[in-house]
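Numbering (full-length UniProt numbering), first residue to last: 1 to 347.
All residues carry an ideal CB built from backbone N, CA and C; glycine is no exception.
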Amino acid sequence: MKVLLTGSAGFIGGAIGDRLEASGDEVVRVDLMLPMAHGSVTAPSGTHQLDVRDADSWPALLDGVDVVCHQAAMVGAGVTVSDLPLYAAHNDLGTAVLLAAMHEAGVHRLIQASSMVVYGEGRYTCPTHGDQVPPPRPREALEAGRFGNPCPVCGEPLGWALVDEDARLEPRSSYAASKVAQEHYATAWVRQADAAAVSLRYHNVYGPGMPRDTPYSGVAAMFRSSLERGEAPKVYEDGAQMRDFVHVDDVARANVAALRAVLEAPQGHHRAYNVASGHPVGIRDVATLVARGTGSDLEPEVTGGYRLGDVRHIVASPQRAADELGFTATVHPDVGLAAFATAPLRA
């Protein structure tokens, strides 16, 4: 199998490329190296450095390729409103240009890195009224420290439940909107190009090689960076937000399973899969696990702060990936997050 891998210099893309090459597959590595993610580091040896939005760069690289594994994207929650054009340019336009180039080159199989942020809020249930869809949390409630979602019918607190891939898509940030757009482009492309695609909705990915000290990095890396400065990790809201943290090695395994599967998929096929550990964890507990892994006795500082784009809980079901791809995560967050505390990061 010959795979063109975009975003190959990122910590997820790098893990995927290494796993594929260890299996004897041929990998064409491509990366843009955005400064906000990679700093001033140049592309590693053997990596083609190009802008995914440049249509003229793709034909030679796509020659003989069986499947594209598209990991390149600007990530993070978005620091300011001025980030909106960057997400639209790199994620939306970049994906559209790549898909058009793939069709011209006769490459009709795609794996696309998506995210759990496409769901917006997670799934909620009321003991009395069953499943409920809460509205966005108002600023006044957040400022008053009322972080939970009340039942829209009776006002009682809602409990969280697992989200499956058929849930509504309701992005709450610029990054989330761009990931929904990427999935929609993939859906349109498979119909128009008689192609097949898989979108992998990653949950909170962590592991060796994550970038440090940047708001575009993951929260686990930001907690670790605080601890390395001798500062207590700062936790938003009350720290009880539930998430799923999945190790980068498991994400790489999921991608390899999806690549094998999409090669056998029928034309017009597009399928989304949650990629998660299956072991939900609270954000305050994440900070505690990272702190313990560093040997620090610093307790997380629960600030009560908030970001309007954040959701209360989002925990997805990994069942479809297990049933259809044969993928189940192997690294439990209790083990992986503690080990992450001393894993090498990218400067």
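Which whole-angstrom value is the C-beta distance of residue i and residue j, which I expect to be below 8 Å?
i	j	result
His-269	Ala-186	About 11 Å separates the two Cβ atoms, so there is no contact after all.
Arg-312	Pro-280	Not really, about 13 Å apart at Cβ, beyond 8 Å.
Ile-12	Val-205	6 Å
Arg-109	Asp-66	7 Å
Cys-154	Thr-128	6 Å
Val-302	Asp-238	6 Å
Val-68	Gly-94	With a Cβ gap of about 12 Å, Val-68 and Gly-94 do not count as contacting.
Leu-62	Leu-20	Between Leu-20 and Leu-62 the Cβ distance is about 17 Å, and since that is not below 8 Å, they are no contact.
Identify whether residue i lies in helix, strand or coil by the three-state DSSP scheme.
i	result
His-48	strand
Ala-196	strand
Leu-227	helix
residue 348	Given a span of 1 to 347 for the chain in the structure shown, any question on residue 348 remains unanswerable.
Gly-13	helix
His-270	strand
Ala-89	helix
Gly-282	strand
Asn-149	coil
CA-CA distance, residue i and residue j?
i	j	result
Pro-171	Ala-22	36 Å
Met-33	Trp-58	Residue confidence is low: Met-33 scores 47 on pLDDT, short of 50, so the model does not pin down where it sits. Its coordinate-derived value is still stated next. Going from the Cα of Met-33 to the Cα of Trp-58 covers about 17 Å.
His-90	Val-75	10 Å
Leu-99	Pro-44	25 Å
Gly-130	Pro-157	12 Å
Val-117	Gly-106	31 Å
Pro-138	Pro-152	13 Å
Ala-287	Gln-192	46 Å
Gly-64	Ala-338	42 Å
Asp-334	Leu-289	7 Å
Ala-261	Glu-324	9 Å
Glu-143	Asp-310	14 Å
Pro-136	Pro-300	27 Å
Gly-145	Gly-304	7 Å
Ser-277	Ser-317	9 Å
Asp-194	Thr-80	39 Å
His-103	Val-275	27 Å
Met-222	Pro-233	8 Å
Leu-308	Ala-60	43 Å
For residue i, which residues of its own chain have a beta-carbon under 6 Å away from its beta-carbon, when the five flanking residues on both sides are left out?
i	result
Ala-123	It is worth fixing the name first, because residue 123 is Arg in this sequence and not Ala. Correct list, in chain order: Ala-161, Val-163.
Phe-327	Ala-254, Ala-257, Ala-321
Leu-169	Val-118, Val-180
Ile-283	Val-235, Gly-239, Gln-241
Between which two residues does the alpha helix (DSSP H) holding residue i run?
i	result
Ala-73	Looking at the DSSP string, Ala-73 is not in any alpha helix (DSSP H), and its letter there is neither H nor E.
Thr-6	Thr-6 -> not in any alpha helix (DSSP H); beta strand (DSSP E) instead, spanning 2–6.
Asp-131	Premise fails: Asp-131 lies in the beta strand (DSSP E), 130–132, not in any alpha helix (DSSP H).
The beta strand (DSSP E) spanning residue i covers which residue range?
i	result
Phe-245	245–247
Asp-31	26–31
Taking 8 Å as the limit between beta carbons, can you name the residues of its chain near residue i, skipping five residues before and five after?
i	result
Gly-148	Pro-157, Leu-158, Arg-312
Val-198	Leu-110, Ile-111, Gln-112, Ala-258, Ala-261, Val-262, Ala-265, His-270, Arg-271, Ala-272, Tyr-273
Thr-47	Ser-8, Ala-9, Arg-29, Val-30, Asp-31
Tyr-87	Met-74, Gly-78, Ser-174, Tyr-175, Ala-177, Ser-178
Leaving aside the five residues before and after residue i along the sequence, list all residues of the same chain whose C-beta is less than 7 Å from its C-beta, in chain order.
i	result
His-38	Because the pLDDT at His-38 is just 45, under 50, the model does not fix this residue reliably, and the value given afterwards should be weighed accordingly. Ala-9.
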